[in-house]
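Visitor:
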Amino acid sequence: MRAAADLCRRSLSSVLRRSCRLYCTDQNSRVKIFDRNLKRKQRDRAAWLMSSKDSLLDAVAENLLDRLEDCKKTFPTALCMGGSLEAIRRLLHGRGGIEKLIMMDTSHDMVKLCEQAEQSLPNKNVETSFIVADEEFLPVKESSLDLVISCLGLHWTNDLPGAMIQSRLALKPDGLFLAAILGGETLRELRIACTVAQMEREGGISPRLSPLAQYVIMEKALPYNTTCYDMDYLVAWESVTRAGFSLPGVDVDEYTVRYNSDFEERYRLATAAVYESMFAAEDGTIPATFQVIFMTGWREHPSQQRAKQRGSATVSFKDIQKQFGGGS
Amino acid sequence: MVRGSGSLLRSAGVGISTTLAEILVCPLSKQPLRHCPKTNSLISDSIGVSYPIVDGIPLLVPADAKIIDAGDIKDSEERDSTV
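Residue numbers (the UniProt record's numbering), protein chains in the order written: chain G, 1 to 328; chain W, 1 to 83.
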């Protein structure tokens, strides 16, 4: 009996390994930056402590949902995964023609919280279902969704492109993937303050904040000359294109939240002192920057516009310039 | 109308809504799931793992999955072979 159970366990672990190999993009990397189990517990705790409305989360969710209004297409079946689920559900207001909405998170308490909110303030004409699942192991049948939306959840995945590939496979052709993740500039004041304080006390530094994706603009890829940041942990643009989405788009927004000075009590005194001396405003408030990277991608479909083959143009740009009187 | 029937199913605490039944698959093997009313769980026959349903919410995180006892697997295999 025990031998049989052992056999089962071994076969499960081999399946686990095999499925990891199938859906993970980087087979060699065994580095797990985030402990997903711990993250799950932290999200349970967040569900107990968080307030029902948060202006930052609402602003990001609103920005993300606003993009649905730019699409002529409607999205009858949608999956909302991770991050600020409740803000998305609350602010949806019938956008995107969503009829069936599936809310997903790794934390059971977070999903329960969302379900309670749905019962007290239901979305009209939207059938909402709830599941507990991990973005890295998406339990959704291939080609079954019209929209996958993730608001501030994917930056905690160990394999962002892998999670995005699974989302792409779950989408129907011409389905939309919309995500907002925190970028590397997030809480830069706190990063600096922690580093300076720790250098001063201990003569060395260790990372105290989650590593986040960096937004990199390749100077060659875009016509205008923009600042090129150093590559860090992940490149958002590369993730979208690597996941195989068509018509990809990445853009960045920065939010600055001003906290009252009681914010400092949450951190060690040395850090708080550095933070205040370096960044505090004259009115005594302290700013915190949140960089949000918005990513958009579509699952490929023959009806989508695509670039023609290189060298297939029949008219020279010089001729166009002449035609439209670009003599100046 | 659809909404009503979905919430009815959920309030009974057994099973999952038809929407979920249509789209959910096993997160590890991506193979279809079977609902087992006796244990109120979703079973992935292909790898012999069951995922619990708690308060009408299916828990599909691999860490929550339970490996089905060898006896159960044999039962289901026998049943499959007879079908």
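No residue lacks a Cβ here, since even glycine has one placed at the ideal position from N, Cα and C.
Would you kindly report the start and end of the unbroken beta strand (DSSP E) that includes Ser-41 (chain W)?
Guide: Locating residue 41 (chain W) in the second sequence gives position 41, counting from the first residue. Here the beta strand (DSSP E) through Ser-41 (chain W) covers 41 to 44.
Visitor: Grab me the residues of Arg-168 (chain G)'s own chain with a C-beta within less than 8 Å of its C-beta, minus the 5 sequence neighbours each way, in chain order.
Guide: The residue labelled residue 168 (chain G) in the question sits at position 168 within the first sequence. Phe-177, Ala-243, Gly-244, Phe-245, Gly-297, Arg-299, listed in sequence order.
Visitor: To which residues of the same chain is Glu-99 (chain G) closer than 6 Å at the C-beta, ignoring the five residues directly before and after it?
Guide: Position 99 of the first sequence, counted from the start, is the residue given in the question as residue 99 (chain G). So the list reads Pro-76, once near-sequence residues are dropped.
Visitor: Work out the CA separation of Val-126 (chain G) and Leu-101 (chain G) for me, nearest whole Å.
Guide: The residue given as residue 101 (chain G) occupies position 101 in the first sequence. The residue given as residue 126 (chain G) occupies position 126 in the first sequence. Cα to Cα, the separation comes out at about 7 Å.
Visitor: My assumption, with CB atoms under 8 Å, is that Asp-134 (chain G) sits in contact with Thr-106 (chain G). Please give the rounded CB distance.
Guide: Counted from its first residue, the first sequence places residue 134 (chain G) at position 134. Counted from its first residue, the first sequence places residue 106 (chain G) at position 106. Their Cβ separation, rounded to whole angstroms, is 5 Å, which keeps Asp-134 (chain G) and Thr-106 (chain G) in contact under 8 Å.
Visitor: What residue range is occupied by the uninterrupted beta strand (DSSP E) comprising Gln-291 (chain G)?
Guide: Indexing the first sequence from 1 puts residue 291 (chain G) at position 291. Counting along the chain, the beta strand (DSSP E) containing Gln-291 (chain G) begins and ends at 286 to 298.
Visitor: Which of helix, strand or coil does DSSP assign to Gly-204 (chain G)?
Guide: Position 204 of the first sequence, counted from the first residue, corresponds to residue 204 (chain G). Gly-204 (chain G) falls in the coil class under three-state DSSP.
Visitor: When you check each C-beta in the segment 13 to 33 of chain W against every C-beta of chain G, which residues fall closer than 9 Å?
Guide: Ile-16, Ser-17, Thr-19, Leu-20, Glu-22, Ile-23, Leu-24, Val-25, Cys-26, Pro-27, Leu-28, Ser-29, Lys-30, Pro-32, Leu-33
Visitor: So, for Gly-249 (chain G): in the same chain, excluding its five sequence neighbours on each side, which residues have a beta-carbon less than 7 Å away from its beta-carbon?
Guide: Here residue 249 (chain G) refers to the residue found at position 249 when the first sequence is read from its first residue. Counting only Cβ-Cβ distances below 7 Å, and skipping sequence neighbours, we find Thr-296.
Visitor: For chain W, is any of its Cβ atoms less than 8 Å away from the one on Val-111 (chain G)?
Guide: Residue mapping note: residue 111 (chain G) aligns to position 111 of the first sequence, counting from 1. Interface residue (Cβ-Cβ distance to chain W less than 8 Å): Val-111 (chain G) is classified as such.
Visitor: Distance cutoff 8 Å, beta carbons only. Does Ala-47 (chain G) sit that close to anything in chain W?
Guide: For the purposes of this step, residue 47 (chain G) is identified with residue 47 of the first sequence, where counting begins at 1. Chain W places no beta carbon closer than 8 Å to that of Ala-47 (chain G), leaving this residue out of the contacts.
Visitor: Against chain W, with Cβ distances strictly below 8 Å, would His-108 (chain G) count as a contact?
Guide: Indexing the first sequence from 1 puts residue 108 (chain G) at position 108. Answer yes: the Cβ-Cβ gap between His-108 (chain G) and chain W drops below 8 Å somewhere.
Visitor: Less than 8 Å separating the beta-carbons of Leu-138 (chain G) and Ala-179 (chain G)?
Guide: Position 138 of the first sequence holds residue 138 (chain G). Position 179 of the first sequence holds residue 179 (chain G). The Cβ atoms of Leu-138 (chain G) and Ala-179 (chain G) lie no closer than 8 Å to each other.
Visitor: Nearest to Leu-85 (chain G) by alpha carbon, out of G:Ala-313, G:Leu-64, G:Lys-41, G:Ala-163?
Guide: As a first step, residue 85 (chain G) is located in the first sequence; it is residue number 85 there, counting from the start. Checked all of G:Ala-313, G:Leu-64, G:Lys-41, G:Ala-163; the closest Cα to Leu-85 (chain G) is G:Leu-64.
Visitor: Does the CB of Val-148 (chain G) have a neighbour CB from chain C at under 8 Å?
Guide: Although the question refers to chain C, the structure presented lacks it and instead comprises the protein chains G and W.
Visitor: Glu-69 (chain G) to Phe-324 (chain G), Cα distance in whole Å?
Guide: The sequence position of residue 69 (chain G) within the first sequence is 69, counting from 1. The sequence position of residue 324 (chain G) within the first sequence is 324, counting from 1. Glu-69 (chain G) and Phe-324 (chain G): Cα-Cα distance of roughly 34 Å.
Visitor: Check whether the segment 77 to 97 of chain G touches the segment 116 to 125 of chain G, counting contact only when three or more Cβ pairs, one atom from each stretch, lie closer than 8 Å.
Guide: yes
Visitor: Identify the contact partners of Leu-85 (chain G) in chain W, using a Cβ-Cβ distance below 8 Å as the criterion.
Guide: Counting from one through the first sequence, the residue named residue 85 (chain G) turns up at place 85. Those within 8 Å of Leu-85 (chain G) in chain W number zero; the least Cβ separation is about 13 Å.
Visitor: In the DSSP output, what is Val-250 (chain G) paired with across the bridge?
Guide: Here residue 250 (chain G) refers to the residue found at position 250 of the first sequence. In the DSSP output, where bridge partners are listed per residue, Val-250 (chain G) has G:Met-295.
Visitor: If you scan the UniProt domain "Methyltransferase type 11" (87 to 178) of chain G from start to end, which runs of the alpha helix (DSSP H) of 4 or more residues do you find wholly inside it?
Guide: 108 to 120, 160 to 170
Visitor: Are the segment 270 to 277 of chain G and the segment 157 to 172 of chain G touching by the rule of at least three beta carbon pairs closer than 8 Å?
Guide: no
Visitor: List the whole-angstrom C-beta distance separating Thr-186 (chain G) from Leu-212 (chain G), where the pair is believed to meet the contact cut-off of C-beta under 8 Å.
Guide: Position 186 of the first sequence, counted from the first residue, corresponds to residue 186 (chain G). Position 212 of the first sequence, counted from the first residue, corresponds to residue 212 (chain G). Going by Cβ atoms, the distance from Thr-186 (chain G) to Leu-212 (chain G) rounds to 6 Å, so yes, they are a contact pair.
Visitor: Considering Val-274 (chain G), what are the terminal residues of the alpha helix (DSSP H) in which it resides?
Guide: What you label residue 274 (chain G) is simply residue 274 of the first sequence in a count that begins at 1. Residues 269 to 279.
Visitor: Would you please state the rounded distance, in angstroms, between the beta carbons of Pro-58 (chain W) and Leu-28 (chain W)? I believe it to be under 8 Å.
Guide: Counting from one through the second sequence, the residue named residue 58 (chain W) turns up at place 58. Counting from one through the second sequence, the residue named residue 28 (chain W) turns up at place 28. With 8 Å as the limit, Pro-58 (chain W) and Leu-28 (chain W) do not qualify as a contact, their Cβ atoms being about 14 Å apart.
Visitor: Using a Cβ cut-off of 8 Å, pull out every chain G residue sitting near Ile-57 (chain W), in sequence order please.
Guide: For the purposes of this step, residue 57 (chain W) is taken as residue 57 along the second sequence, with counting starting at 1. Going along chain G in sequence order, the residues near Ile-57 (chain W) (Cβ under 8 Å) are His-108, Val-111, Lys-112, Glu-115, Phe-130, Ile-131, Val-132.
Visitor: Compare the C-alpha of Val-148 (chain G) against each of G:Cys-114, G:Lys-308, G:Gly-82, G:Ile-320 and name the closest.
Guide: Here residue 148 (chain G) corresponds to residue number 148 of the first sequence, with the count starting at 1. Of G:Cys-114, G:Lys-308, G:Gly-82, G:Ile-320, the residue nearest in Cα terms is G:Gly-82.
Visitor: Just checking my contact of Ala-61 (chain G) with Ala-87 (chain G) at CB under 8 Å: how many whole Å lie between their CB atoms?
Guide: Within the first sequence, numbered from 1, the residue matching residue 61 (chain G) stands at position 61. Within the first sequence, numbered from 1, the residue matching residue 87 (chain G) stands at position 87. About 4 Å; that satisfies the 8 Å criterion.
Visitor: With distances taken from CA atoms, which of G:Tyr-275, G:Arg-90, G:Lys-112, G:Asn-260 is nearest Val-196 (chain G)?
Guide: In the first sequence, counting from the first residue as 1, residue 196 (chain G) sits at position 196. Closest by alpha carbon: G:Tyr-275.
Visitor: What residue from G:Asn-37, G:Lys-39, G:Asp-159, G:Thr-256 has the CA that sits closest to Ser-239 (chain G)'s CA?
Guide: As a working mapping, residue 239 (chain G) is identified with position 239 in the first sequence. Considering only alpha carbons, the answer is G:Asp-159.
Visitor: Need the endpoints of the alpha helix (DSSP H) that Thr-19 (chain W) sits in, please.
Guide: If you number the second sequence from 1, residue 19 (chain W) lands on position 19. Start and end: 18 to 23.
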